[in-house]
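Reviewing the structure listed below.
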Amino acid sequence: MKIAKIIVDVPSMQTDKPFSYVVPEALETLVAIGMRVHVPFGRGNRLMQGFIVGFESQELVENQGNRLQDLKVIAEVLDFEPVLNAEQLALADKMRETVFAYKISILKAMLPNLLNSSYDKVLTALDPQVASDYFENADEIHFSSLDEVMQATMMKLQREGKVSVRYVAQSKETIKTKKVVSLTNHAQLLALTISARAKKKLAMQTFLQHEPEGKVWDNTELVALFSRDVVKFFIGNGVLTLSDVEVSRSQDYFENIETDTQKTLNAEQKAAYEAIITSQDKPFLLEGVTGSGKTEVYLQVIAHVIDAGKTAIMLVPEISLTPMMTSRFIARFGENVAIMHSGLSDGEKYDEWRKIAAGKAKVVVGARSAIFVPLANIGAIIIDEEHETSYKQDSNPRYHARDIALLRAQYHGAALVLGSATPSLETRARAQQGVYQLLRLTQRANQAAQIPEVRLLDMRKHLNDKSASFSQVMLDKIAEKVSKKEQVVLMLNRRGYSSFIMCRDCGFVPECPNCDISLTLHMDTKTLNCHYCGHTQGIPYTCPNCQSNKIRYYGSGTQKVEEELQELMPEARILRMDVDTTKKKGAHERILSSFGAGQADILLGTQMIAKGLDFPNVTLVGVINADTALNLPDFRASERTFQLLTQVAGRAGRAEKSGEVLIQTFNPDHYAIKLAQTHDYEQFYQTEMAFRRKLAYPPYYFTVQLVISHKNEEITVKKSYEILSLLQAHLTDKARVLGPIAKPIARTHNLYHYQLLIKYRFEDHLADALNDVLDLTQLRENKELRVMIDSEPQNFM
DNA sequence: AGCACGCCGACT
DNA sequence: GTCGGCGTGCTC
Numbered sequence: 001m002k003i004a005k006i007i008v009d010v011p012s013m014q015t016d017k018p019f020s021y022v023v024p025e026a027l028e029t030l031v032a033i034g035m036r037v038h039v040p041f042g043r044g045n046r047l048m049q050g051f052i053v054g055f056e057s058q059e060l061v062e063n064q065g066n067r068l069q070d071l072k073v074i075a076e077v078l079d080f081e082p083v084l085n086a087e088q089l090a091l092a093d094k095m096r097e098t099v100f101a102y103k104i105s106i107l108k109a110m111l112p113n114l115l116n117s118s119y120d121k122v123l124t125a126l127d128p129q130v131a132s133d134y135f136e137n138a139d140e141i142h143f144s145s146l147d148e149v150m151q152a153t154m155m156k157l158q159r160e161g162k163v164s165v166r167y168v169a170q171s172k173e174t175i176k177t178k179k180v181v182s183l184t185n186h187a188q189l190l191a192l193t194i195s196a197r198a199k200k201k202l203a204m205q206t207f208l209q210h211e212p213e214g215k216v217w218d219n220t221e222l223v224a225l226f227s228r229d230v231v232k233f234f235i236g237n238g239v240l241t242l243s244d245v246e247v248s249r250s251q252d253y254f255e256n257i258e259t260d261t262q263k264t265l266n267a268e269q270k271a272a273y274e275a276i277i278t279s280q281d282k283p284f285l286l287e288g289v290t291g292s293g294k295t296e297v298y299l300q301v302i303a304h305v306i307d308a309g310k311t312a313i314m315l316v317p318e319i320s321l322t323p324m325m326t327s328r329f330i331a332r333f334g335e336n337v338a339i340m341h342s343g344l345s346d347g348e349k350y351d352e353w354r355k356i357a358a359g360k361a362k363v364v365v366g367a368r369s370a371i372f373v374p375l376a377n378i379g380a381i382i383i384d385e386e387h388e389t390s391y392k393q394d395s396n397p398r399y400h401a402r403d404i405a406l407l408r409a410q411y412h413g414a415a416l417v418l419g420s421a422t423p424s425l426e427t428r429a430r431a432q433q434g435v436y437q438l439l440r441l442t443q444r445a446n447q448a449a450q451i452p453e454v455r456l457l458d459m460r461k462h463l464n465d466k467s468a469s470f471s472q473v474m475l476d477k478i479a480e481k482v483s484k485k486e487q488v489v490l491m492l493n494r495r496g497y498s499s500f501i502m503c504r505d506c507g508f509v510p511e512c513p514n515c516d517i518s519l520t521l522h523m524d525t526k527t528l529n530c531h532y533c534g535h536t537q538g539i540p541y542t543c544p545n546c547q548s549n550k551i552r553y554y555g556s557g558t559q560k561v562e563e564e565l566q567e568l569m570p571e572a573r574i575l576r577m578d579v580d581t582t583k584k585k586g587a588h589e590r591i592l593s594s595f596g597a598g599q600a601d602i603l604l605g606t607q608m609i610a611k612g613l614d615f616p617n618v619t620l621v622g623v624i625n626a627d628t629a630l631n632l633p634d635f636r637a638s639e640r641t642f643q644l645l646t647q648v649a650g651r652a653g654r655a656e657k658s659g660e661v662l663i664q665t666f667n668p669d670h671y672a673i674k675l676a677q678t679h680d681y682e683q684f685y686q687t688e689m690a691f692r693r694k695l696a697y698p699p700y701y702f703t704v705q706l707v708i709s710h711k712n713e714e715i716t717v718k719k720s721y722e723i724l725s726l727l728q729a730h731l732t733d734k735a736r737v738l739g740p741i742a743k744p745i746a747r748t749h750n751l752y753h754y755q756l757l758i759k760y761r762f763e764d765h766l767a768d769a770l771n772d773v774l775d776l777t778q779l780r781e782n783k784e785l786r787v788m789i790d791s792e793p794q795n796f797m
């Protein structure tokens, strides 16, 4: 008897371990580690998806106190080939040491969504009365298709024994196919006698006679040429054979892309390239100013890796993963490229994944989760814009792609390259210590392109200008550029600063009923939306508080600024790009290509325009509000501001025309803004490191954040202190715990949130402490309590 | 997560 | 006396 160890799809503390199941005899030689199965689980034997993570001997099972006859049998093996390989399973084990998440969540994160089964219950009527009342003509009803009231009714009927329930688990993957016909019997074709009246058939016979045996057509193509019946006739006579052929759902991005050849590297690029390809297992930090040609270095490193018969992973931040960006890789590597990003449908992602798993892709370009792709024989892993916080997943499992990359690079002996113009302090500090090898690109690759001049506009002096959002200098400059037929990019850093409505008489601001946050005004849909829980309501005409009709709109969201700018410059053509205008698939690309084609003068957008845009005609970049990120309660606020401003400044003057950058700020003396003005990363690094050291923040200290949530504020506070003392019992006095304090947004989704922040350098018992916290949350009295543990948090909002 | 077992209150 | 409320513990 073969016994498999299986991790089941129940994310809870008590089930976070392998369960033993008997492998059906017929499948004994076919099952393998890493395959998905369906197994009966729990008293109800509901079917669950699980992953085989190992096999066990009978003696071992019995030693664990299980009787063999009590073991259940695997209901279904879902795969012919394992979906997780040995490396991925080992990686999951390693991840569990640092990422506080259940094994099953980690395993599921490594696979495309379609490979995770969906569950349902199928109901059958046992009572004729029930059958006619509820089932109409159907033999079975799917539980999930019913509304809540009917679901309750069915549960009651089930208890009364009038309805039976069967659990089903279903793997969702589908392989897209198309029908093709192939010419398989030429002799038969010639032998056919066709009536002279059947013109279409005769025509097709003649057509086929001139085609070689074995030729393949799309079924639809032939049907269009002749007709369905005629094609069917030849299939029926054995001349043609109809078959299904697998098609990839994402082939179209290979079309219309011209191939591209390597560019010559300058001396700095060359040196970096040489260092990377002769890698001695130390990771690299490639620190290069915007426009210094980091991407060309990446491309050539990847080309080198492919020539050596290996593969590569290229990670870029989600918002940079535009067709414009991916086409550079496709242009260089053609069909060797697979793209993985969230814009793809589940089916498309699955197809890309299979292409990779089958070894048909040599280069994977993707966002965070692409770090898990089942590439074999990896020669290089490159993380561009390494400082981007989107590399850290902000829901379970809270992994950082950089950490995973480190593990995978180690496993494969691959070169790891972290690239950025403004590296995160953590990474830069490691380079300083010699943990990473620092490679610098200090010159723009395009010699003609000058580093743009940056001017700061002190908004304190412009408060009386006629516009709320723009200083006169900025307006004049924009007008000048527009009249010269040059283009302008304006960035509105909207974070934590959206438009809202307020009553002029009593100061009332509508807030979300579930969250402690004012609602954001959306003029396009004429609604007030909560950006945290998604609550939507209409815009009141009179104040709900004092019935005054003096409701006014405040703040400067992109919509508001667009309207204002349009009013001030009626002749300018403005394109707006933010989450609202780019929601639809391909919208992002459409906006950019229309701007690139000169169909607009001004591109107004949020942070997403700071990344990688490269338009030669853009000669002015304006930042409308540089300070909003600066005032956030986050120790990385300065770092974020500096990175963002440096990046957006790099958008100007990419070609022959020289560029200008104007930054509007209320804090012109702040070091993050002043040093962004002079493009002085090195000075910023030194200054910021001094602060971090003084305040004991990363990279000098490690951090773990705990967020405690409960619907009752008092309980939240009480439990937070309980957890605090639990932690202190394990931690040395060298560790510092901040809090509990209310989160900046104290209530969302009807829950109060308090946070604790542990700062430490060496704590042997940290894991024990956190496990104790988890145990605490498992107590029944804490059922309603939610505790989130985040190692090295990136966001404190 | 979801289900059964089991121990207490409101009814036939 | 029973039906059913949900608190507690377990799932190979």
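The opening residue of the first sequence carries number 1 in the UniProt record's numbering; numbering runs sequentially from there. Glycine residues also receive a C-beta, built at the ideal position from the N, C-alpha and C atoms.
Relative to the alpha-carbon of residue i, which residue among the options has its alpha-carbon at the smallest distance?
i, options, result
"P744", "V245, D790 and F796", "F796"
"L774", "Y760, V707 and V737", "V707"
"P82", "M35, A196, M314 and V454", "M35"
"Q129", "L157, L115 and R440", "L157"
"I624", "E258, K560 and I451", "K560"
"S720", "Y754, Y701 and Y697", "Y754"
"I131", "I602, K310 and K162", "Per the sequence shown, the amino acid found at residue 131 is Ala instead of Ile. Of the candidates I602, K310 and K162, the one whose C-alpha sits nearest the C-alpha of A131 is K162."
"C503", "T525, D307, I602 and P540", "P540"
"E781", "S791, D733, I7 and K718", "K718"
"Q188", "V373, L208, K178 and R197", "L208"
"E87", "D229, A409, K477 and A479", "A409"
"S243", "S420, K199 and S182", "S182"
Excluding sequence positions up to five away, which residues of its chain have a Cβ less than 6 Å from the Cβ of residue i?
i, result
"residue 799", "Residue coverage of the chain in this structure runs from 1 to 797, which leaves residue 799 outside it and unanswerable."
"L84", "G34"
"G605", "M577 and D578"
"V317", "Checking the displayed sequence, the identity of residue 317 turns out to be Pro instead of Val. E385, E388 and S390."
"C546", "D505 and C506"
"G622", "M474, L490 and L662"
"Q269", "G293 and V297"
"S12", "none"
Quick one: using the 10 Å Cβ neighbour count with 16 as the cut-off for buried, is residue i buried or exposed?
i, result
"residue 817", "Only positions 1 to 797 of the chain appear in this structure, which leaves residue 817 out of reach."
"K17", "exposed"
"A629", "buried"
"I339", "buried"
"R444", "buried"
"P212", "exposed"
"N45", "exposed"
"D764", "exposed"
Considering only residues of the same chain and omitting the five flanking positions on each side of residue i, which have a CB-CB separation below 7 Å?
i, result
"F666", "M459, R460 and D627"
"V31", "A4, V23, I52 and V77"
"N750", "N514 and K711"
"Q14", "none"
Please determine whether the Cβ atom of residue i lies at a distance below 6 Å from any heavy atom of the ligand FAD.
i, result
"I381", "With respect to small molecules bound, the structure shown includes none, and the ligand FAD cannot be examined in it."
Grab me the residues of residue i's own chain with a C-beta within less than 8 Å of its C-beta, minus the 5 sequence neighbours each way, in chain order.
i, result
"H679", "V289, I451, V454, T646 and A649"
"A203", "F226"
Touching by the beta-carbon criterion (3+ pairs, under 8 Å), the stretch 361-380 and the stretch 101-108: no
Three or more C-beta pairs below 8 Å linking the stretch 47-60 and the stretch 3-14: Contact holds: three or more Cβ-Cβ distances are below 8 Å.
Those runs of the alpha helix (DSSP H) which lie wholly inside the stretch 641-718 and span at least 4 residues: The qualifying runs are 671-677 and 681-695.
Ordered list of alpha helix (DSSP H) runs contained in the stretch 418-459, each at least 4 residues: Qualifying alpha helix (DSSP H) stretches, in chain order: 425-433.
4 or more residues per run - each alpha helix (DSSP H) lying fully within the stretch 207-294: 219-225, 228-236 and 267-277
Entirely enclosed beta strand (DSSP E) segments - the stretch 141-177, minimum 3 residues: 163-170
Every unbroken alpha helix (DSSP H) within the stretch 549-630, with a cutoff of 4 residues, ordered by chain: 558-568 and 587-596
Start-end ranges of the alpha helix (DSSP H) lying completely within the stretch 295-369, minimum 4 residues: For the alpha helix (DSSP H) assignment, the uninterrupted runs of no fewer than 4 residues enclosed by the stretch 295-369 are, from N- to C-terminal side, 323-333 and 346-357.
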